[in-house]
Structure formats: structure tokens, C-alpha cells
Amino acid sequence: MNTQSGSGLLSLVNGFVDRAIGAADLPTAVRQKLLRQQLNSVSKMTPAMLASTVVVSVVFLLLTWGTARFWPMAVTLAAINMLQLHASYLAWSNPNLSLESKPHKSVVRTVLYALLLGTLWGVVFNIIPVDLNSTVRGAATIGAGGLLCISMMALVNYPQALAAFTIPLIVGALGTVVGMDTTPDVWVQGVLLMAFTSIMVGITFNHASAFVAHRASEALLLEKREIIGLLLREFEQAASDWVWGFDADGSINRLSSGFTTATGVDEDDLVGADFVHFMQCITPPNDTLVAQLERDVSDRKTFQDIELRVTAAGVECWWALTGKPAFDDAGVYLGYIGTGSDVTARKLAERRITMLAHHDPMTGLLNRNKFTEQLNSCVARLERYGAPFTVMFLDLDQFKSVNDSRGHMVGDRLLVEVAKRIDALVHEPDLTARLGGDEFAIILPNSGDSEMVARLADRLIAEIKRPFIIEGEEVVIGMSVGIAMAPLSGTRPDQILRNADLALYRAKDDGRSVYRFFESQMDSDARERRLLEVELRDAIGNRELVLYYQPLVSAESEEPVGFEALIRWNHPIRGLVPPVEFIPVAEHSNLIVDIGDWTIEQACMAASTWPEHLTVAVNLSAKHFRRSDITQVVQKALAMSGLAPKRLEIEITEGLLMEDPEEVVAKLGELRALGVSIAMDDFGTGYSSLNYLLKFPFDKIKIDRSFVNASSGDEVARDILKAIASLGRTLKLKITAEGVETREQASFLTEIACDQLQGFFFARPLDPVELPHYLLTRFPGRAEAVTSEAQARLAAIAS
Numbered sequence: 001m002n003t004q005s006g007s008g009l010l011s012l013v014n015g016f017v018d019r020a021i022g023a024a025d026l027p028t029a030v031r032q033k034l035l036r037q038q039l040n041s042v043s044k045m046t047p048a049m050l051a052s053t054v055v056v057s058v059v060f061l062l063l064t065w066g067t068a069r070f071w072p073m074a075v076t077l078a079a080i081n082m083l084q085l086h087a088s089y090l091a092w093s094n095p096n097l098s099l100e101s102k103p104h105k106s107v108v109r110t111v112l113y114a115l116l117l118g119t120l121w122g123v124v125f126n127i128i129p130v131d132l133n134s135t136v137r138g139a140a141t142i143g144a145g146g147l148l149c150i151s152m153m154a155l156v157n158y159p160q161a162l163a164a165f166t167i168p169l170i171v172g173a174l175g176t177v178v179g180m181d182t183t184p185d186v187w188v189q190g191v192l193l194m195a196f197t198s199i200m201v202g203i204t205f206n207h208a209s210a211f212v213a214h215r216a217s218e219a220l221l222l223e224k225r226e227i228i229g230l231l232l233r234e235f236e237q238a239a240s241d242w243v244w245g246f247d248a249d250g251s252i253n254r255l256s257s258g259f260t261t262a263t264g265v266d267e268d269d270l271v272g273a274d275f276v277h278f279m280q281c282i283t284p285p286n287d288t289l290v291a292q293l294e295r296d297v298s299d300r301k302t303f304q305d306i307e308l309r310v311t312a313a314g315v316e317c318w319w320a321l322t323g324k325p326a327f328d329d330a331g332v333y334l335g336y337i338g339t340g341s342d343v344t345a346r347k348l349a350e351r352r353i354t355m356l357a358h359h360d361p362m363t364g365l366l367n368r369n370k371f372t373e374q375l376n377s378c379v380a381r382l383e384r385y386g387a388p389f390t391v392m393f394l395d396l397d398q399f400k401s402v403n404d405s406r407g408h409m410v411g412d413r414l415l416v417e418v419a420k421r422i423d424a425l426v427h428e429p430d431l432t433a434r435l436g437g438d439e440f441a442i443i444l445p446n447s448g449d450s451e452m453v454a455r456l457a458d459r460l461i462a463e464i465k466r467p468f469i470i471e472g473e474e475v476v477i478g479m480s481v482g483i484a485m486a487p488l489s490g491t492r493p494d495q496i497l498r499n500a501d502l503a504l505y506r507a508k509d510d511g512r513s514v515y516r517f518f519e520s521q522m523d524s525d526a527r528e529r530r531l532l533e534v535e536l537r538d539a540i541g542n543r544e545l546v547l548y549y550q551p552l553v554s555a556e557s558e559e560p561v562g563f564e565a566l567i568r569w570n571h572p573i574r575g576l577v578p579p580v581e582f583i584p585v586a587e588h589s590n591l592i593v594d595i596g597d598w599t600i601e602q603a604c605m606a607a608s609t610w611p612e613h614l615t616v617a618v619n620l621s622a623k624h625f626r627r628s629d630i631t632q633v634v635q636k637a638l639a640m641s642g643l644a645p646k647r648l649e650i651e652i653t654e655g656l657l658m659e660d661p662e663e664v665v666a667k668l669g670e671l672r673a674l675g676v677s678i679a680m681d682d683f684g685t686g687y688s689s690l691n692y693l694l695k696f697p698f699d700k701i702k703i704d705r706s707f708v709n710a711s712s713g714d715e716v717a718r719d720i721l722k723a724i725a726s727l728g729r730t731l732k733l734k735i736t737a738e739g740v741e742t743r744e745q746a747s748f749l750t751e752i753a754c755d756q757l758q759g760f761f762f763a764r765p766l767d768p769v770e771l772p773h774y775l776l777t778r779f780p781g782r783a784e785a786v787t788s789e790a791q792a793r794l795a796a797i798a799s
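Residue numbers for the sequence shown follow UniProt numbering, so the first one is 1 and each next one is one higher.
Okay, structure coming up:
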């Protein structure tokens, strides 16, 4: 038999054994790792094999001493011991196979050595003179049985090597039995040998199957833990919340630095402790909320924002805990993972019986009510004495990105530091106020000097541009300033405020981190925006709004599985207006509710004419979601169109969840109850996407196009995409990647097991004229219905 045919036979045997022990369907990387573990288990048992070889060899040599078979026996046993010694040396010199090395060479060597050793032992059992006396016969029987037992223990995890060793050994032993006189005890020994051999085969395959299942499960679980660990580490670094987790026994196995800091206990002392017992130790006795937490853990339920009064590091404070049970693919309970945060400041604020009536509780500056009172006083002085004054509106630039990337607590600390810097530059009798969010205002009651005001604005902008150090990290933002000087910019409080706001709006449009004085042209621009708002209001009644549909395709087949509805404004003069131009105007007014409701209704009506397996996705504006009774709107649209709820997908961004998560989660729950799917859009761009996945069970996550664009040349972006895809599989979520523009991107996203793809590579958004042709070419069976729908829509637009 040549080498090639021998290798083919070994591959055949390996394939058969892998199927028998359940290793054939494992991923290649897991199978390679498992094979190394099998070979390493064989290597560790080579000393035992060597010891048994030496013992049996000595006994057989003593029994054949002085007989004609001594020298053949000695030569054969010498060969066996040399092979076994060399195998032991190889195992000692390379105790663990390298993870980078391919184990094929070790496989061939292990099976070959086992085959040679088994064959030589078969020869030994044919050389030994079993008919000499009962002592020799008994020694041969015990030797064969002992070698079989020891080989099974040594090679049980690798059935190929065990078969290569035992088959020739058993054949040799049976040859010895057959060659003996046909006395009843000889045949009994033969029958027992075959029976024990059959049992050994069964035990071997059963043990090997269990070994494969256990090791493969460990490998897959480790991979998932590494992926989740990567995401959790990113979350821990980016968010202000803590991360904690415990295993199936309730023992703490994951802590972020924020948790240990909050408790004042070292990580080494916390890891391994019982989580529920630890919470009982630091909370008041018989706390009903702790009892509720214990019941939720016992019933393996998700708990959310349980606020507990704790004593940590000798200080009384309040924590909010959220946790969710974790299960593997087989549904086996793995423990809990969750987040926590210190809400002491909020709880203390709730306890206050009275608050400062005129100051912002966070920054200590004047609040909006006091600011309005002071502005009215300045206007009264202007009317009575003609005393000019100035109002400055200040708005922070890049503050939202800080909130999104580092969390609200960091954002609040930043606002406090900003307030300190502003207040340090403003002197008596000037007044500084925080109007809300990241908006500030200054009243200069005795200033009508534009140059002095401009110098102050320059100093404010320069001061805010200097880096802030928050929690040991550098934060850089900017500030835009709008200025209205009375009486030049108005003589009424509302007029002055409006004109200062217009000046701030212009400063934002001119590149941010600049100041602008109010000019009359700004009022003209504001009128232009109001005109656009009026035209947009008429556009709804005049049927000028139209939906385009961009296909969502299956990553595997690249066949369409649905469409995303995208709104456009077909303006009679301006032409096709993209949403980026008119949606902000709609959101500023209440038109966004009418437009959003219309979009849902029209998308459902259109989808009802498509093939039944196609879905339609509608991206909801955050303001539309909050202002509209979204559940009733969706229910009405589904009823009017007859569309099955499962074919409608509602897409939201995590920005919606950040402002009032409890109310939003409740509304999303109502939509889910209707049977509608919920997707998180732009996943990965916010600071706490993972936390929101714990709070609400989404059906789908859409990977932001920025990651897809970067994946073409950025290895880090590709790793992040792999991690997100693995997270989706772990949480059993569909994964959609948007912004696919090249074949390379599509192939990579398919390779990492994304479910759906979307982008210009497959199709641009289709207008109502193009959509029927697109459906006609892909689903000819529905051509008549699609064409009729398209004609009806064209007639509606024309009228």
C-alpha cells in the first residue's frame, strides 16, 4: 500500500469515526482544537503504556527463558519497548501541541505507532508457548486482558488509535487461542475475549462521544464568552454604568471597575461570592426589593431598574440594578448578566421637601423662571429709563456626542464644569442662567457696547474650547453664541429672546463655535423656514409626499426579503426634496406626526400588494414616536391595509430610548403585542446599545453603515462587525447590515453570518414607477397585482 492510498484509508476511517462520535459537523477551528485535545490525552498516557509494556515484557521473557522461543520473543519485545520508549520521548518533548500547528502529522504518527505496537503484540502472543503449561497460558491471558484494559484507558479519547492498537492485538490473541487444543476452557477464553472486546468498543465510542460533546461545548462557550467579554469591555470603558454577572450557581464571575469602586470591596474578595447573599448583606434587613430580586433570580426572570438602598464603603447610597438571565444554544441556564448605576443623587433630590426656587439644582445658575423674571425687569428699565441691555444665548457644540459616547453622568459633570467657567467670566451685575439641557443664557443689564460684548463672547468660546478633564479623561467641546442687543434687536421680552435664538441658529449654521449678532436678514431666513413649513403642511393634502422603497436582500441568496420605506417630497418647484431638508422643519412643528402616520399607512398599503413573504420597514422619528399614539396608528394601518403584522418592521434608534426609556419600552411592548417586529437602527453608534438590548428584546439590529464602509480597509471595523454578528447569534437576533456598496463588503458580511443586506450594491431606493418593474422581474406570479397597484398610485399622483 503506497503513502497516498494509506492516507486515503486513514481519512476514510477518520471520517467514519468522526460521524460516530459526533465530531463531523463541528466548525473546522473547533474540530482542530478538539483533535489536539484528543492527541494530548493520548500523549499523557504514554508513560502508563510504557510501564505496562516493561512489566509484561519482563514476565514473558522469564516464562520463555531456556526455551526455543526465547530469542524470537526477546527480539519482538525489544522492538515493542523501543517504539514505546520513542513514543514516550515524543510525548515528553512536546507535551502540548501548538495551537498554530496542524495536527495531521501527529495523527498519522499516533495511528501508525499504535498499529505497529498492536501488530508486534499480536506476534508476541503467537510466539509465546501457551501449550507449555498452565502458568504460561494464564500469563498470556492476563497479559492480553491487561494490555486491552490499559490501552482502552490510554486511547479511549481517540478511537482511531485504539482500533489500530487493539485489532491486531486481538487477532494475535485469537490466533493463539485457535492454535491451542480445543479444550472447553480454551473456547471459553476465546468467547470471553470477544465479548469483552465488543463491550470495550461500545464503551470507547460512548466515552469518545461524551468527550467530543463536552470539549466542543467548552470551545463554543469559550468563544461566545470571549465575544461577549469583548463587547462588555467596550461597554465598561464607554459607559458610566457598571457591569456585573454571576454563574449558574449564583457566584459572582464578572465585575467592572465601577462596581468594585462603588462597593469599596476588592475584586478578589467579590469574585466567587454569592451575588444575592452579598446584596442581602449591604441592604437593610428584610428589604422587600431584595426579596423580589431573589425571587426573580430564582424564577430566572429579567429585572429592570430595581432601586436598592445600600451601605457601601460605610456610606448610604442608592443603586439601580438591571439583570437578564443568560442561556446557551441548547437552552442551558448559564447565570445572569446585568448593569448597575449609582442613583443616589436622584434619590436625594426626590427626598428634598423644598428646592431652591430660582436656581438650577445641577449647576447652581439661575433657572429659566428666574431668567425670565430678570429679563422682564430689564425690559421695564428699558421702557422707563431707556437703559440698553444685552441677551446672549449659549449652546454647547458636540455635547450630544459626549452624552452618547460616555453617558449622562459624564455629561452632567461636564455641564457643571461648563457652568463654572461661564460664571467665572461673568461679573456682577451680569446674570447667568441654565435654560435646560446644554443651553445657557447671559443677561448683561448695563451693556450696550457691541465691542465689549464681542470680546466677552470670544473669551467664552475660547474658554469652553479648552479641554475638560472628566473622570480622568479629556473631553473637548465647543460653544456657539447668539446675541441680541436691546433696543436694536427688540423691545419686548419675547422679541428679544426670539432674535437671540435666531442669532444662535445662524452661529450654528456658520460652522459652530462662533458668535453672531442678530441681523434683520436672520428674520427673513426665519420667515423662509416658516414658508417651507406652510408648503410642507400643504404637501400632505396635495399628495406631494411619496415613498421610495430600498430592497433588503437575503445575505445567503441575495434575493429580496423586504423593503425599507423612505419618504421624499416631490415639490412642484423645488423638485425632489430629500428628508434631511424637510424632516427637521416637520419635527420643529407638529407636522412630523401627520407625516409619520401617513408614512406608516402608505407603507402598509403598498406592502399588502407585494408577495406575502416580503416585509416593509418604517423608520420612526423620535419626535413622531413620542407625540403620536403609535400603537393606535399602527393598528389602524394594519386594519386598513389587511397586512399581516409580522410583515411590518418598526425601526427606532437608541436616541429614542435614552430620553425616557421606561415609557418607550412600554410602547414598544404594545407594538410587539400586535405582532409587529422591532429593530434597533444604527446599532453600534451609541454608548449603551448593549444595555438597551438587555432592557428590551429586539427582533433585529441594523449595523450602522459607518462600520460597513470602514470594513473595506479597517481590520478593527471588521472585528467589530464579527463581534456584533456573534452577539446577534447569541441573543437570537436577526442582523441587517446597511450601506453595502461593493461585492467585497457583501461577501464579508455573508461570511460572518449577517442575515440581511441593504445598499446601493443591490439596488437604489425605488420610486413608485420603478417598484412594479423590480417586483415583476423577481416575482412574475404577482405581476398583475403589482402592475395594478402601480397604475393606481400613478393615477393618484397625477390627480
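We treat Cβ as the ideally placed atom computed from N, Cα and C, and that holds for glycine. All figures in this text were calculated on a predicted structure; none of them were measured in a lab.
Looking only at its chain, what residues have a beta carbon closer than 8 Å to the beta carbon of residue i, apart from the 5 residues adjacent to it on each side?
i	result
Glu100	With a pLDDT of only 43 at Glu100, under the threshold of 50, the placement of this residue in the model should not be trusted; the figure read from the coordinates follows. Closer than 8 Å at the Cβ level, and outside the excluded window around Glu100, lies no residue.
Ser57	Leu77, Ile80, Asn81
Val561	Leu552, Val553, Ser554, His613, Leu614, Thr615, Gln756
Val740	Val708, Ala746, Leu749, Leu757, Gln758, Gly759, Phe760, Phe761, Phe762
Over the uninterrupted beta strand (DSSP E) stretch that includes residue i, give me the two end residues.
i	result
Met362	Taken as a continuous stretch (DSSP letters only), Met362 belongs to no beta strand (DSSP E), as it is neither H nor E.
His571	560 to 571
Phe389	389 to 397
Asn709	Taken as a continuous stretch (DSSP letters only), Asn709 belongs to no beta strand (DSSP E), being part of the alpha helix (DSSP H) at 705 to 710.
Arg516	515 to 517
Arg434	431 to 436
Ser641	Note, Ser641: premise wrong, no beta strand (DSSP E); alpha helix (DSSP H) at 630 to 641.
Val243	242 to 247
Leu456	Careful: Leu456 lies outside any beta strand (DSSP E), inside the alpha helix (DSSP H) at 450 to 465.
Ile442	439 to 444
Val553	545 to 554
Leu648	648 to 653
Please work out which residues of its chain come closer than 6 Å, Cβ to Cβ, to residue i, disregarding the five sequence neighbours upstream and downstream, and give them in chain order.
i	result
Gly143	Val56
Thr263	Ala312
Lys734	Lys700, Asp755
Glu294	Val276
Asp594	Ile540
Ala273	Ile252
Phe779	Pro611
Ile353	Bear in mind that the predicted position of Ile353 carries a pLDDT of just 48, short of 50, making it unreliable; the figure below should be weighed with that in mind. If we look at Ile353 and ignore the five residues flanking it on each side, it has no Cβ neighbours.
Just mark residue i as buried or exposed, buried being the case when its beta carbon has 16 or more other beta carbons within 10 Å.
i	result
Tyr549	buried
Met73	buried
Gln521	exposed
Thr182	Reliability of the predicted coordinates at Thr182 is poor, the pLDDT of 47 falling under 50, and the value obtained from them is presented with this limitation in mind. Counting Cβ neighbours within 10 Å, Thr182 comes out exposed, since fewer than 16 surround it.
Asp299	exposed
His86	exposed
Lys105	exposed
Gln602	buried
How is the alpha helix (DSSP H) around residue i delimited, first residue to last?
i	result
Leu766	That residue, Leu766, is in no alpha helix (DSSP H); it is neither H nor E in DSSP.
Arg254	Careful: Arg254 lies outside any alpha helix (DSSP H), inside the beta strand (DSSP E) at 252 to 255.
Ile600	591 to 607
Thr64	46 to 64
Sort the options by Cα distance to residue i and report the nearest one.
i	options	result
Val297	Val475, Ser711, Tyr333	Tyr333
Ser43	Gly66, Met73, Val107	Val107
Leu727	Asp329, Leu115, Val310	Asp329
Thr46	Thr64, Lys105, Thr119, Ile150	Ile150
His408	Arg346, Phe371, His358	Arg346
Thr283	Cys317, Gln304, Glu587, Ala273	Cys317
Arg498	Thr372, Ser341, Ala539, Glu556	Thr372
Asp360	Trp121, Arg743, Thr432, Arg384	Thr432
Leu365	Ile470, Leu415, Gly122	Leu415
Met485	Ala454, Gly411, Gln635	Ala454
Cys604	Gly575, Glu564, Arg627	Glu564
Asp494	Gly478, Leu375, Gly511	Leu375
Skipping 5 residues on each side, what residues in its chain have a beta carbon closer than 7 Å to that of residue i?
i	result
Arg512	Asp397, Gly478, Ser480
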